[in-house]
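A.B. asks:
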Amino acid sequence: MGSITLKNVQKHFGEAKVIPSVDLEIKDGEFVVFVGPSGSGKSTLLRLIAGLEDLTGGTITIDGKDVTDAAPAARGLAMVFQSYALYPHMTVRKNIAFPLKMAKMEQAAIDKKVEAAANVLNLTDYLERRPSQLSGGQRQRVAIGRAIVREPSAFLFDEPLSNLDAALRGTMRLEISDLHNQLKTTMIYVTHDQIEAMTMADKIVVLNRGNIEQVGSPMELYLTPRNLFVAGFIGSPRMNLLTGDYAKAKGATTAGIRPEHLTLSKESGTWKGRVTVAEHLGADTFLHLDVEGIGQMTARASGEFGAHHGDTVYLTPDETRLHRFDDKGLAIKA
Amino acid sequence: MATQNTRTLARLMMAPSVVVLLIWMAVPLAMTLYYSFQNYNLLTPQNVSFAGFFNYQYFYTDPAFFQSIWNTLLLVLGVLAITVIGGTAIALLIDQPIFGQGIVRILVISPFFVMPPVAALIWKNMIMHPGYGVFADIAKFFGVQPIDWFAQYPLFSVIIIVAWQWLPFATLILLTALQSLDSEQREAAEMDGANFFNRFIYLTIPHLSRAVTVVILIQTIFLLGIYAEILVTTNGGPGYASTNLTFLIYRTARLGYDVGGGAAGGIIAVVLANIVAIFLMRAVGKNLDK
């Protein structure tokens, strides 16, 4: 079990209201990702749930029990830290066993659980090593192992992959998703990387300056962003946000069109642009364009599109995929 | 790592200081060795002659010899115990955020700036004096017979004074070590259900082991040569109760005007220091390699 409810949660550091007020419902077994730029309060929110920070106001309940003032250990949560926070002087075995030892479990039972966790995480050959003798990915797995042996009601991940190289990050992303499918335990995952958010989450919580901008499944956020912030934050490359005459003609202050919803042509189209930078990835081509009467835009073509710096290219937007926002930045319902 | 060129240059640049240090160390050692084999008394400076091992025998048969070695070790161990345990406790305390932290830290460090004879005199005359010392006042307030510290517990009194002087050093080193403890590790331990006591045992103490080693090694070097505090307080007495090896050498060489005997004592002190060093490096030196 691991349903978590946040009611009117507030956190102030002196004058700074890092989290003005947050309400959030996390269901048992959900994989929830907190995503937002630096300083959006996503890590603070996670630490509030973990009990590593005191709340300024509001309540947190886990499985219907009020844990607002409970000590971190009493909440039945396990956390994986950005720096892994392994105990450097202990072997991998002792690291993983530490929470069980603190819970005064019998040594035989501890050994069994540690072996089982090591088996799941492919750490069996490394149990007698120290953290300093492990690679980044292995350390990460030890940190996860230390979390799973406790059989917590929810896992908290604080940007766990940000210290890994790109290839390893991809692998660990899969492993964590896999782990969630096996354990079916609630997971809360903090990241600033929207690819991690889109690929892993059941539910994404987009945070900006301590406020929740939108909560929804990855596809909901992609297809119907509630406001300009979410529209600009979700999707890579970023959505093109157009102001001026074109937006006005569509009855909006700002019109948004994703790079993948622009059709590229060398002969004709709605807009005419000059290529400033062309990124050829093989599977995709990203063109950064200077468009007449509009300014900078980004377009994505599937496969190779033979355009280079200085070439003239025509763009046609798919107007069924157009996002419209009013003067407050909120989406206009079609 | 470096090219042949930079290695040669580095050696060349280091050569002067290495040579100076070598002379600085080798010449006094050689002179001490030389004098330790000479009959050389300042009362009869004209009668200098080869003495063989007589000086060593003379120093070894001094009735204070074994007690002085024992006292030297007790002094070192006592001060180490007080400074390491006390230093850890104070470092833990001043690591907490409090009002006026900067001033508190300066005050805690300040005993280190007081020169040893001054500190010893203050302790002797203002704190431990049986008539008008602070301890005596406290004893009298409770209606207890004041303790005559330097008469009743001479070595222990010296240990207290020296420990007071070295406590800031230990505190400072241990405080910086405490501050380098990764906060995420502490939080992880907190989430793992470790209370303050367990965090201290399983996280803080292992983390401090290297700093404690540094404190022990550096302090031992200086503590083996404690002299000024003994000179101005107990003068080695009563009897030989607070005479350590350094003080015995002083007595032989300066009060007895016996340069040869003092030199022999000096060589014995060097041997003792090396035995202690070997023992220490075996016991705690491995902490430095981690």
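Protein sequences, first through last, are from chains U and A.
Going by my numbering, the first residue of the first sequence is number 96, and it counts up by one from there.
Going by my numbering, the first residue of the second sequence is number 472, and it counts up by one from there.
The C-beta atom is built at its ideal place from N, Cα and C for all residues, glycine as well.
1. Could you tell me the boundaries of the beta strand (DSSP E) in which U:PRO115 lies?
2. Do you know how far the Cα of A:THR474 is from the Cα of A:VAL747?
3. Check whether the Cβ of U:SER272 lies closer than 8 Å to any Cβ atom in chain A.
4. Where do the N-terminal and C-terminal ends of the alpha helix (DSSP H) with A:GLN616 fall, by residue?
5. Could you run through the stretch 100–116 of chain U and flag, in chain order, every residue whose CB is less than 8 Å away from some CB of chain A?
6. Please determine, among A:GLN567, A:LEU716, A:ALA754, the residue with the shortest C-alpha to C-alpha distance to A:PHE530.
7. Determine the DSSP secondary structure at U:ASN217, reduced to helix, strand or coil.
8. In whole angstroms, what separates the C-alpha of U:ILE283 from that of A:ALA560?
9. Which residues, in chain order, does the stretch 127–149 of chain U contribute to contact with chain A at a C-beta distance below 7 Å?
10. Just to confirm the assignment, what range does the alpha helix (DSSP H) spanning A:THR642 have?
11. What runs of the alpha helix (DSSP H), each 4 residues or longer, lie entirely inside the stretch 265–295 of chain U?
12. Rounded to the nearest angstrom, what separates A:LEU492 and A:PHE693 at their Cα positions?
13. Applying a beta-carbon distance threshold of less than 7 Å, which residues of chain U neighbour A:ASN669?
14. Taking 8 Å as the threshold (beta carbon to beta carbon), is U:TYR182 in contact with chain A?
15. Going by DSSP, name the residue or residues bridged to U:MET392.
16. Let me know the beta strand (DSSP E) ranges lying completely inside the stretch 179–267 of chain U, each 3 residues or longer, listed in chain order.
17. Going by DSSP, what residues sit across from U:GLY368 in a beta bridge?
18. Between A:GLN656 and chain U, is the shortest Cβ-Cβ distance under 8 Å, so that the two count as touching?
19. Taking 8 Å as the threshold (beta carbon to beta carbon), is A:PRO582 in contact with chain U?
20. Is A:LEU674 close to chain U? Criterion is C-beta to C-beta, closer than 8 Å.
21. Buried or exposed: where does U:VAL127 fall if 16 or more other Cβ atoms within 10 Å of its Cβ makes it buried?
22. So is A:ASP653 in contact with chain U if we call contact Cβ pairs under 8 Å?
23. For A:VAL547, collect the residues of the same chain with a Cβ closer than 7 Å to its Cβ; drop the 5 residues on either side in sequence, then sort them by chain order.
24. CA-CA distance, A:ARG576 and A:ILE565?
25. Along chain A, in chain order, which residues have C-beta atoms closer than 7 Å to that of U:SER178?
26. Expressed to the nearest angstrom, what Euclidean distance is found between the alpha-carbon atoms of U:GLY305 and U:SER138?
27. Can you tell which of U:THR407, U:ARG321, U:ARG416, U:GLY388 has its C-alpha closest to the C-alpha of U:LYS423?
C.D. replies: This is what the structure holds:
1. 111–121 is the extent of the beta strand (DSSP E) around U:PRO115.
2. The alpha-carbon of A:VAL747 is positioned some 39 Å away from that of A:THR474.
3. Chain A places no beta carbon closer than 8 Å to that of U:SER272, leaving this residue out of the contacts.
4. Taken as a continuous stretch (DSSP letters only), A:GLN616 belongs to no alpha helix (DSSP H), as it is neither H nor E.
5. Listed by position, the residues of the stretch 100–116 of chain U near chain A (Cβ gap below 8 Å) amount to none.
6. Closest by C-alpha distance to A:PHE530, out of A:GLN567, A:LEU716, A:ALA754, is A:LEU716.
7. U:ASN217 falls in the coil class under three-state DSSP.
8. Looking at the two C-alpha atoms, the distance is approximately 38 Å.
9. Of all residues in the stretch 127–149 of chain U, ALA145, LEU147 have a Cβ within less than 7 Å of some Cβ in chain A.
10. Looking at the DSSP string, the run of the alpha helix (DSSP H) that includes A:THR642 is 625–650.
11. Counting only runs of 4 or more, we get 289–295.
12. C-alpha of A:LEU492 to C-alpha of A:PHE693: approximately 19 Å in a straight line.
13. Near A:ASN669 (Cβ distances below 7 Å), the residues of chain U are MET197.
14. Under the 8 Å criterion on CB atoms, U:TYR182 is classed as interfacial with respect to chain A.
15. Note: U:MET392 sits in a beta bridge opposite U:LEU384.
16. Entirely contained in the stretch 179–267 of chain U, the beta strand (DSSP E) runs reaching 3 residues are, in chain order, 249–253.
17. DSSP lists U:VAL386, U:VAL408 as partners of U:GLY368.
18. Taking Cβ atoms only, chain U reaches closer than 8 Å to A:GLN656, which makes this a yes.
19. A:PRO582 does not count as touching chain U.
20. It does: the Cβ of A:LEU674 has a partner Cβ on chain U nearer than 8 Å.
21. With a 10 Å radius around the Cβ and a threshold of 16 neighbouring Cβ atoms, U:VAL127 comes out buried.
22. Interface residue, yes.
23. The residues are THR691, LEU694, LEU695.
24. C-alpha of A:ARG576 to C-alpha of A:ILE565: approximately 7 Å in a straight line.
25. Result: ASP653, GLU655.
26. So the alpha carbons of these two residues sit roughly 10 Å apart.
27. For the residues U:THR407, U:ARG321, U:ARG416, U:GLY388, the minimum Cα distance to U:LYS423 belongs to U:ARG321.
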